[in-house]
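Numbering (the working numbering), first residue to last: 24 to 588.
To keep things clear, I will list the structure first and then write my remarks on it.
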Ligand code: ATP
Ligand code: MG
């Protein structure tokens, strides 16, 4: 495992990655009439995750960079696990990431007839045969890379017999699992993928697009190359697990005597503190460990969107990590770093208090309300300013007060003066407690000459606190997230399954936070920086009477800190 460091980050920005090198060589040599045509081929059996986002950025990115095209193709060859809900979510996610497939939205199932006809051609060339062995028999006879497979007793059936049986498989005469169509390639290839792999299996199942027309379905390797070939893909980019399938990809297309794209493998994205297998993510959803595929703790694109991650930050992240030939694990903090960097540029600043402590300013006129000017985004002057109300009673963050404060505590403490951001200097005169001794209110006094938080006489205060007016505010629920798993490699524990490594504290709900009134009517997914607290986005569960915010990411950047020295 190699870990990305700043050096590779720089490198990936300035030099060509190995896929770009291949493409540029092909363009130079005029291969494929100098076209670049890629595809993103998800199987619609789950929602897309951040690993898919990387593949999307790579495929659409290569097409964009080299004036080519990229198709969105559903690899829907497996009838039972696929659902229309997944198709819809995938379309939404790719669009949201900002990519456009034009009119090239394809479904592998649309090619079932062509695939069938080509399989018939292979039978006629004696390159495929119908085999009656059960799956168990096949695996018992399979051998090992150094030991040949036993030949199937059906391997030498005549062409006529194979054509007849294959037609009857298609016609539905045989039960599930009773027969397969197998490629006749090798009994002793050290590459086990080449040991007479199955091309078709019998599956009496309803398909989301072809209905009940088919009861035989093509296997991945047979189908995928043909899909690429039919769409005239030039560079078929896939993850490293398919490296030893490449000879089979090539064999199928050569034997079918059709156009052959070039398969190129790259390392899949792995993230720390994250599981990425769709099967595992589905289990989390089905067992209600999370609220759904779009739970903000999920590594899905829809979860990240709901959490407040922007498409720009996901694309920047994907660019930054580059393309590798060897599998590696990327620190999830780097993803958060990109999200933070993007939001810092764009998010409007507002003040919110999530753990309120009431402050009464005893020398401020009763009943008076002032509007104070606040900067919307110090990173972006064009964002302008807004007015926020201020009166005699406000809330501050409970942790910004300490009764017995150590010397270096520069926030509020008895007798100590602080600045209220955009408002005034205040000093704590009195601490009010309830019968249990809990601090419930602070009585303070303000300096009327410090309006705007400016020192009237050059005297300095070290702390600046955020605050919200106690009467003019919006009450909101705030959902705060921690990592979904307690360990950085939830797939890698030998004793415990990933489900036993779920973090029981990954979600905490703050029922009553106060936010300044300017967030009123904020749309779902609009994002803000709550000053000093982090970035927050409006959740879709919000109602007209209750705003709900998701914490997107905190302000502290653990990634740059760890990687700078
Ligand atoms: P599963 O989790 O069931 O193995 P999959 O991740 O292979 O599924 P597909 O829908 O087949 O899911 O993936 C679509 C494309 O996304 C494929 O080309 C695949 O290689 C790519 N892809 C999937 N996971 C990652 C990942 N972690 N990093 C980069 N690319 C990925
Ligand atoms: Mg797959």
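For each residue, glycine too, the CB sits at the ideal point set by N, CA and C.
- Residue 461 and residue 391 have their C-alpha atoms roughly 29 Å apart.
- Remark: the shortest separation between the CB of residue 495 and any heavy atom of ligand 1 does not fall under 7 Å.
- Distance from the CA atom of residue 39 to the CA atom of residue 81, rounded to whole angstroms, is 13 Å.
- Apart from sequence neighbours up to five positions away, the residues of its chain that approach residue 485 with a beta-carbon distance below 6 Å are 433, ordered along the chain.
- Between the region 565-580 and the region 324-341, the count of Cβ pairs shorter than 8 Å is three or higher; the stretches touch.
- At a cut-off of 3 residues, the continuous stretches assigned as beta strand (DSSP E) that sit fully inside the region 438-493 are 440-443, 448-456, 462-469, 490-492.
- A residue is called buried when at least 16 other Cβ atoms come within 10 angstroms of its Cβ; residue 496 meets this threshold and is buried.
- Burial of residue 96 is indicated by the presence of at least 16 other C-beta atoms within 10 angstroms of its C-beta.
- Per the DSSP secondary-structure output, residue 234 pairs in a beta bridge with 230.
- One alpha carbon belongs to residue 326, the other to residue 183, and they sit about 53 Å apart.
- According to the DSSP assignment, residue 248 belongs to the alpha helix (DSSP H) that extends over 243-253.
- Within the region 56-101, the runs of beta strand (DSSP E) at least 3 residues long that lie entirely inside it are, in chain order, 60-63, 92-97.
- Closer than 7 Å to some heavy atom of ligand 1: that does not describe the Cβ of residue 248.
- For residue 413, the enclosing beta strand (DSSP E) begins and ends at 408-413.
- When C-beta atoms of the region 105-120 are compared with those of the region 73-88, three or more pairs fall below 8 Å, so the two segments count as touching.
- Boundaries of the alpha helix (DSSP H) around residue 303: 301-309.
- Closer than 7 Å to some heavy atom of ligand 1: that describes the Cβ of residue 262.
- Cβ-Cβ separation between residue 261 and residue 288: approximately 6 Å, consistent with a contact (criterion under 8 Å).
- For residue 267, there is no enclosing beta strand (DSSP E), as DSSP gives it neither H nor E.
- Using a Cβ distance threshold of 8 Å, residue 454 and residue 437 count as a contacting pair.
- A direct Cα-to-Cα measurement between residue 227 and residue 159 gives close to 20 Å.
- When secondary structure is reduced to three states using DSSP, residue 340 falls in the helix class.
- For residue 570 against residue 546, the beta-carbon gap comes to about 11 Å, at or over 8 Å, which does not count as contact.
- Under the three-state reduction of DSSP output, residue 193 falls in the helix class.
- For residue 499, the CB contacts under 6 Å within the same chain, skipping 5 residues up- and downstream, are 536, 538, 570, 572 in chain order.
- Nearest to residue 580 by alpha-carbon distance, out of 124, 367, 553, is 367.
- Taking the Cα of residue 125 as reference, the smallest distance to any Cα among 86, 132, 149, 99 is reached at 86.
- Straight-line spacing of the CA atoms in residue 488 and residue 414 works out to 16 Å.
- Contact between residue 374 and residue 491 holds, with the beta-carbon distance rounding to 6 Å and staying under 8 Å.
- For residue 48, the enclosing alpha helix (DSSP H) begins and ends at 41-51.
- When only Cα atoms are considered, residue 49 and residue 285 end up about 11 Å apart.
- Taking C-beta separations shorter than 8 Å and ignoring five residues to either side along the sequence, the partners of residue 408 in its chain run 396, 397, 398, 399, following chain order.
- Proximity of the beta carbon of residue 85 to ligand 1 is not indicated: no heavy atom of the ligand is located closer than 7 Å.
- Residue pairing of residue 499 in beta bridges, as defined by DSSP: 536, 570.
- C-alpha of residue 69 to C-alpha of residue 382: approximately 50 Å in a straight line.
- Under the three-state reduction of DSSP output, residue 293 falls in the strand class.
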